[in-house]
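In order, the protein sequence lines correspond to chains A and B. So for the first sequence, the working numbering puts the first residue at 1; every next one is plus one. So for the second sequence, the working numbering puts the first residue at 271; every next one is plus one. All residues carry an ideal CB built from backbone N, CA and C; glycine is no exception. Report on the structure given below.
There are 2 protein chains.
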Amino acid sequence: MDIGLERIAIPVDGDRICATVLTAAAKLPGVLFVHGWGGSQAQDLERAREAAGLGCVCLTFDLRGHEANAAQWETVNRDENLRDVLAAYDRLLAEPNVDPAAIAVVGISYGGYLAAILTTLRPVRWLALRSPALYADEGWTMPKRQLHEATDLHAYRRRAIDAAGNRALGACADFLGDALLVESEFDDTVPRQVIANYAAALSGARSLTSRRLPGADHALSHEAAQLAYRRMLISWLTEMIVGAREVAAQARLDALGPREPGHAAANDRH
Amino acid sequence: MDIGLERIAIPVDGDRICATVLTAAAKLPGVLFVHGWGGSQAQDLERAREAAGLGCVCLTFDLRGHEANAAQWETVNRDENLRDVLAAYDRLLAEPNVDPAAIAVVGISYGGYLAAILTTLRPVRWLALRSPALYADEGWTMPKRQLHEATDLHAYRRRAIDAAGNRALGACADFLGDALLVESEFDDTVPRQVIANYAAALSGARSLTSRRLPGADHALSHEAAQLAYRRMLISWLTEMIVGAREVAAQARLDALGPREPGHAAANDRH
């Protein structure tokens with residue numbers, strides 16, 4: 001996210017005029033989208049389009065067990081899906097224009113759970129979790145589909161869980177970047193206690209932006225909730241990405257010495 | 271402002287997962303700042319910093335007759351200063367990362383007048399004019415300083431001027447890009463009639479955003495007016511630049527065929 005600043009002289013009619021070039025880095029922030037269980041990358045494309053508009057490189061993908069790999073739906077496990085996320089992350093970083101120090105990961109539900117764990121395995125600067133799911137660590141390689149049969153997920157998600165006792169929450173506790181945490185007001189799948197657990201675990205983040213989608217269910221069935229979420233996400237990404245570039249530019253300007261007056265055309269009388 | 275879209279397959283554990291990479295163009299929009307008479311590039315640096323934050327390459331410069339070339343203050347004329355603007359524009363386009371189809375020019379007062387004329391000589395996609403000054407075409411090579419003595423500028427700026435009768439207004443009439451026009455509520459130098467002339471001339475622009483700075487004088491002497499102007503400018507640049515990238519991304523998505531459903535995790539029950 002570095003910003004270049006160069007003082008130059010431009011020749012004109014045998015004279016030279018002084019100029020300054022401020023340039024955003026050629027490297028762009030990268031945004032990785034991780035969909036939820038039963039979802040697909042298609043759901044992330046609209047948000048990816050908007051993030052690309054901010055000047056980012058975006059990657060969406062289908063987790064194994066979905067779409068082309070739907071045959072593995074009954075057998076795929078968290079370990080495999082986490083490797084999917086790692087492979088997608090590494091592929092995003094292989095894009096020639098991506099700044100490895102400016103990676104955002106956006107995860108929904110099961111994808112949020114995986115995104116949280118990803119932060120312990122790869123550098124993530126910005127972490128956005130919408131209704132992140134939560135599972136006990138046990139049965140890590142058990143088929144994901146069986147988790148809610150073999151374990152009492154309902155009860156687990158209604159308990160206060162300490163970060164030390166859960167891999168995803170522990171990842172959040174170690175996360176030092178900026179976090180966005182979005183919950184649905186009426187979420188039967190990921191109840192408020194899960195969000196509270198994540199929020200508590202994220203207490204060490206550089207910044208935490210916590211938002212509730214009023215009237216929304218887990219799947220954001222209503223268009224209005226979809227739109228509200230998109231706005232929250234893009235507004236947060238804008239603040240993070242534009243803000244980081246501005247800080248970099250300010251550092252360059254400060255290095256020029258004392259600030260010059262900011263008044264525009266103070267002497268202009270013509 | 272093109273956006274790349276690529277469907278890819280990512281190998282993982284002998285499987286392949288489908289992914290999509292959406293990438294903002296490596297080329298960045300360029301923003302040229304033209305200060306007012308008696309001003310300097312120093313006044314534009316803060317706004318350039320914010321525009322760099324949007325992912326742009328920015329160029330500020332000192333017109334001849336100012337700063338290092340202050341010795342020419344009494345003699346420099348519009349023709350020379352226009353060549354300064356042209357030289358600065360061409361230098362901005364020589365920056366390796368600049369997209370020649372995505373150039374914004376931001377001019378204040380005399381700089382706005384020159385910026386308007388620039389659009390007839392070089393491609394400009396976005397034109398921002400704050401309190402653009404207006405001069406009769408006569409005496410084009412007369413020293414700028416003498417213009418208000420040799421001509422009755424006060425009267426000229428209080429008349430409705432047809433675009434056909436003035437070089438800067440004529441340039442605006444031919445301008446097909448997007449325009450921002452900002453006036454100060456209490457401007458003794460550039461009265462409301464001048465702004466009305468510019469607004470009328472800009473009727474062919476793809477979009478016109480007209481704003482008044484409440485309580486402000488020509489020089490924006492108060493910090494609040496400076497801040498309000500900066501916010502207007504950056505908000506407009508954001509809409510233009512982010513919007514253009516989003517349109518490009520949408521075109522790429524549309525080319526993929528019928529839109530896939532936008533509902534997130536509609537089947538997610540876990």
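Check: Under the three-state reduction of DSSP, which class applies to ASN436 (chain B): helix, strand or coil?
Finding: Indexing the second sequence from 1 puts residue 436 (chain B) at position 166. Looking at ASN436 (chain B) - three-state DSSP - the assignment turns out to be coil, as it is neither helix nor strand.
Item checked: Contact set between the segment 48 to 61 of chain A and chain B, restricted to residues whose Cβ is under 7 Å from the partner -> For the segment 48 to 61 of chain A, the residues whose beta carbon sits under 7 Å from a beta carbon of chain B are, in order, ALA48, ARG49, GLU50, ALA52, GLY53, LEU54, GLY55, CYS56, VAL57, CYS58, LEU59, THR60, PHE61.
Next item on the list: Check the C-beta distance from GLN41 (chain A) over to THR60 (chain A) and give it rounded, since I have them as a contact under 8 Å.
Entry: Counting from 1 along the first sequence, the entry for residue 41 (chain A) is found at position 41. Counting from 1 along the first sequence, the entry for residue 60 (chain A) is found at position 60. Sure, about 4 Å apart at Cβ, within 8 Å.
Margin query: Can you tell me which residues form a DSSP beta bridge with CYS281 (chain A)?
Written below: There is no way to answer for residue 281 (chain A), as the model of chain A reaches only from 1 to 270.
Margin query: Between ALA294 (chain B) and VAL31 (chain A), how many whole angstroms is the CB-CB distance? I'm expecting something under 8 Å.
Written below: Taking the second sequence and counting its residues from 1, one reaches residue 294 (chain B) at position 24. Taking the first sequence and counting its residues from 1, one reaches residue 31 (chain A) at position 31. Actually they are not in contact, since the Cβ atoms of ALA294 (chain B) and VAL31 (chain A) sit about 11 Å apart, beyond 8 Å.
Item checked: HIS154 (chain A) to PRO132 (chain A) span [Cα, whole Å] -> Locating residue 154 (chain A) in the first sequence gives position 154, counting from the first residue. Locating residue 132 (chain A) in the first sequence gives position 132, counting from the first residue. Near 14 Å, if we compare the C-alpha coordinates of PRO132 (chain A) and HIS154 (chain A).
Item checked: Length of the line joining the Cα atoms of GLY107 (chain A) and ARG476 (chain B) -> Here residue 107 (chain A) corresponds to residue number 107 of the first sequence, with the count starting at 1. Here residue 476 (chain B) corresponds to residue number 206 of the second sequence, with the count starting at 1. Rounded to the nearest angstrom, the two C-alpha atoms are 38 Å apart.
Item checked: Classification of ALA473 (chain B) by the beta-carbon crowding that lies within 10 angstroms, buried from 16 upward -> Locating residue 473 (chain B) in the second sequence gives position 203, counting from the first residue. Note that residue 473 (chain B) is Ser in the sequence shown here, rather than Ala. SER473 (chain B) comes out exposed.
Next item on the list: Pick out the complete beta strand (DSSP E) segments inside the segment 423 to 476 of chain B, 3 residues or longer, and give them in chain order.
Entry: The DSSP assignment places 448 to 454 as complete runs of the beta strand (DSSP E) inside the segment 423 to 476 of chain B, in order along the chain (cut-off: 3 residues).
Check: What's the call for LEU526 (chain B), buried or exposed, on a 16-neighbour Cβ count within 10 Å?
Finding: Within the second sequence, numbered from 1, the residue matching residue 526 (chain B) stands at position 256. Within 10 angstroms of the beta-carbon of LEU526 (chain B) lie fewer than 16 other beta-carbons, which makes it exposed.
Next item on the list: With 8 Å as the threshold, decide whether the Cβ of GLN193 (chain A) is near any Cβ in chain B.
Entry: Sequence index remark: in the first sequence, residue 193 (chain A) carries index 193 (1-based). Taking CB atoms only, GLN193 (chain A) has no neighbour in chain B less than 8 Å away.
Checklist line | C-beta atoms of VAL517 (chain B) and LEU54 (chain A) nearer than 8 Å | finding: Taking the first residue of the second sequence as 1, we reach residue 517 (chain B) at position 247. Taking the first residue of the first sequence as 1, we reach residue 54 (chain A) at position 54. By the CB criterion at 8 Å, VAL517 (chain B) and LEU54 (chain A) fall outside the cutoff.
Next item on the list: Give a yes or no on whether the minimum CB-CB distance between ASN347 (chain B) and chain A is below 8 Å.
Entry: As a working mapping, residue 347 (chain B) is identified with position 77 in the second sequence. ASN347 (chain B) has a beta carbon lying at 8 Å or more from every beta carbon in chain A.
Notebook entry, point to check: Taking 8 Å as the CB-CB limit, is ILE431 (chain B) close to chain A?
Noted result: If you number the second sequence from 1, residue 431 (chain B) lands on position 161. For ILE431 (chain B), the answer is no, since every Cβ of chain A falls outside 8 Å of its Cβ.
Next item on the list: Tell whether a beta-carbon distance below 8 Å holds between ASP486 (chain B) and PHE456 (chain B).
Entry: The sequence position of residue 486 (chain B) within the second sequence is 216, counting from 1. The sequence position of residue 456 (chain B) within the second sequence is 186, counting from 1. Strictly speaking, residue 486 (chain B) in this sequence is Ala, with Asp absent from that position. Yes. Within cutoff.
Margin query: Could you give the first and the last residue of the continuous beta strand (DSSP E) run that contains ASP99 (chain A)?
Written below: Sequence index remark: in the first sequence, residue 99 (chain A) carries index 99 (1-based). Element bounds for ASP99 (chain A): 98 to 108.
Check: Got a sec, what are the start and stop residues for the beta strand (DSSP E) ILE129 (chain A) sits in?
Finding: Here residue 129 (chain A) refers to the residue found at position 129 when the first sequence is read from its first residue. Before going further, note that residue 129 (chain A) is Leu rather than Ile in the sequence given. That run of the beta strand (DSSP E) goes 126 to 130.
Check: Any idea which residues DSSP pairs ARG481 (chain B) with across the strands?
Finding: In the second sequence, residue 481 (chain B) corresponds to position 211, counting from 1. In DSSP, ARG481 (chain B) forms a bridge with B:VAL452.
Next item on the list: My understanding is that ALA168 (chain A) touches TYR229 (chain A), with C-beta atoms under 8 Å, so please give their C-beta distance in whole angstroms.
Entry: Within the first sequence, residue 168 (chain A) is the residue found at index 168, counting from 1. Within the first sequence, residue 229 (chain A) is the residue found at index 229, counting from 1. Actually they do not touch by this definition, with Cβ atoms about 21 Å apart.
Next item on the list: From the DSSP output, in three-state form, read off ARG277 (chain B) for me.
Entry: Locating residue 277 (chain B) in the second sequence gives position 7, where the first residue counts as 1. Correct three-state label for ARG277 (chain B): strand.
Check: Should ASP541 (chain B) be labelled buried (16 or more other beta-carbon atoms within 10 Å of its own) or exposed?
Finding: For residue 541 (chain B) there is no data in the structure shown, the boundaries of chain B being 271 and 540.
Item checked: Three-state secondary structure (DSSP) of ASP84 (chain A) -> Your numbering for residue 84 (chain A) matches position 84 in the first sequence. Looking at ASP84 (chain A) - three-state DSSP - the assignment turns out to be helix.
Next item on the list: Within the same chain, show all residues whose beta-carbon is closer than 8 Å to that of PRO531 (chain B), passing over the 5 residues directly before and after it, in chain order.
Entry: The residue labelled residue 531 (chain B) in the question sits at position 261 within the second sequence. Note on PRO531 (chain B): pLDDT 44, under 50, position unreliable in the model; the coordinate value appears next. There are no such residues.
Note to self: Are the CB atoms of LYS414 (chain B) and VAL346 (chain B) within a distance shorter than 8 Å?
What the structure shows: Taking the first residue of the second sequence as 1, we reach residue 346 (chain B) at position 76. Taking the first residue of the second sequence as 1, we reach residue 414 (chain B) at position 144. Yes, Cβ-Cβ distance for VAL346 (chain B) and LYS414 (chain B) is below 8 Å.
Note to self: Measuring only the C-alpha atoms, how far is LEU63 (chain A) from GLN250 (chain A)?
What the structure shows: Numbered from its first residue, the first sequence carries residue 63 (chain A) at position 63. Numbered from its first residue, the first sequence carries residue 250 (chain A) at position 250. When the Cα atoms are used, LEU63 (chain A) and GLN250 (chain A) turn out to be separated by approximately 40 Å.
Item checked: First and last residue of the uninterrupted alpha helix (DSSP H) at GLN311 (chain B) -> Position 41 of the second sequence, counting from 1, holds the residue named residue 311 (chain B). Premise fails: GLN311 (chain B) is in no alpha helix (DSSP H) and is neither H nor E.
Notebook entry, point to check: THR209 (chain A): which of A:ILE234, A:THR120, A:ALA225, A:GLU6 sits nearest, CA to CA?
Noted result: Taking the first residue of the first sequence as position 1, residue 209 (chain A) is located at position 209. Comparing Cα positions, the closest option is A:ILE234.
Notebook entry, point to check: Can you tell me whether ARG184 (chain A) is buried or exposed, with buried defined as 16 or more other CB within 10 angstroms of its CB?
Noted result: Against the first sequence, residue 184 (chain A) aligns to sequence position 184. Checking the displayed sequence, the identity of residue 184 (chain A) turns out to be Ser instead of Arg. Counting Cβ neighbours within 10 Å, SER184 (chain A) comes out buried, since at least 16 surround it.
Checklist line | Chain-ordered neighbours of ALA87 (chain A) on chain B, where CB pairs are closer than 8 Å | finding: Locating residue 87 (chain A) in the first sequence gives position 87, where the first residue counts as 1. The contacting residues are ILE280, PRO281, VAL282, ILE287.
Note to self: With a threshold of 8 Å between beta carbons, is ARG83 (chain A) in contact with chain B?
What the structure shows: Taking the first residue of the first sequence as 1, we reach residue 83 (chain A) at position 83. Taking Cβ atoms only, chain B reaches closer than 8 Å to ARG83 (chain A), which makes this a yes.
Notebook entry, point to check: Which residues in the same chain as ARG392 (chain B) place their Cβ atom closer than 6 Å to its Cβ, once the five residues preceding and following it in sequence are excluded?
Noted result: In the second sequence, counting from the first residue as 1, residue 392 (chain B) sits at position 122. For ARG392 (chain B), where only same-chain residues beyond five positions count, the Cβ hits under 6 Å are TYR359.
Note to self: Only counting the same chain, and skipping five residues up and downstream in sequence, which positions put a Cβ closer than 6 Å to that of ASP268 (chain A)?
What the structure shows: In the first sequence, residue 268 (chain A) corresponds to position 268, counting from 1. Residue placement at ASP268 (chain A) is poorly supported in this model, since its pLDDT is 44, which falls under 50; the coordinates are not used for a value here.
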